[in-house]
């Protein structure tokens with residue numbers, strides 16, 4: 006999706022809605038994202054002088070890899086982000102500088118999509134693997150509490166030392 010800066014009205018809000026497709030050669034999927042099946046994007050744009058404020062809302066149908074079963078599954082990912090563009094970013098470090106008369110927002114849409122994916126997605130009805138011979142499966146909470154109870158074995162020997170004054 007490209008924004009033509011010269012066609013944006015001053016101070017009035019413009020709304021755009023589009024299905025965005027991502028070229029797999031340009032936008033590479035990284036674990037746990039396997040594939041983007043479709044991405045509907047709603048964009049609201051406001052222009053003030055040399056500043057352009059963009060609000061992006063996405064709803065994407067994606068294929069993710071389940072962190073429990075390692076099987077692929079389809080799901081919907083939603084996300085919202087606000088971006089500030091400026092023709093010169095000297096005034097504001099929070100602004101993204103743009104050159105020319107168009108702004109390509111596809112990379113920002115893909116970044117929002119990637120950031121909206123949970124770090125360890127779980128497929129519906131997926132169950133955590135069970136412990137077996139020679140290994141245990143712990144939840145993060147169990148691991149943290151066990152580590153706190155155990156302490157640091159490197160310094161356990163210091164507990165028994167008696168220091169004379």
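Residue numbers (the working numbering): 6 to 170. A virtual CB, placed ideally from N, CA and C, is assigned to each residue, including glycine.
Distance between residue 107 and residue 171 (C-alpha atoms, nearest Å): Residue coverage of the chain in this structure runs from 6 to 170, which leaves residue 171 outside it and unanswerable.
Quick one: give me the first and last residue of the alpha helix (DSSP H) that residue 116 is part of. 111-120
Touch test, the segment 135-147 against the segment 31-46, Cβ-Cβ under 8 angstroms, three pairs minimum: no
What residue does the beta strand (DSSP E) around residue 52 start on, and which one ends it? 38-53
Put residue 148 into one of helix, strand or coil per three-state DSSP. helix
Locate the beta strand (DSSP E) running through residue 128, then write down its first and last residues. Careful: residue 128 lies outside any beta strand (DSSP E) and carries neither H nor E.
What does a CB cutoff of less than 7 angstroms around residue 25 pick up in its chain, not counting 5 residues either side in sequence? 6, 44, 46, 111 and 114
The segment 71-90 contacting the segment 52-60, beta-carbon criterion three pairs below 8 angstroms: yes
Proximity to residue 71 [Cα-Cα], best of 132, 100, 54 and 93: 132
Write down the C-beta distance between residue 118 and residue 65 rounded to the nearest angstrom, noting that I regard them as a contact closer than 8 angstroms. 5 angstroms
How far does the beta strand (DSSP E) with residue 84 in it extend, from its first residue to its last? 77-91
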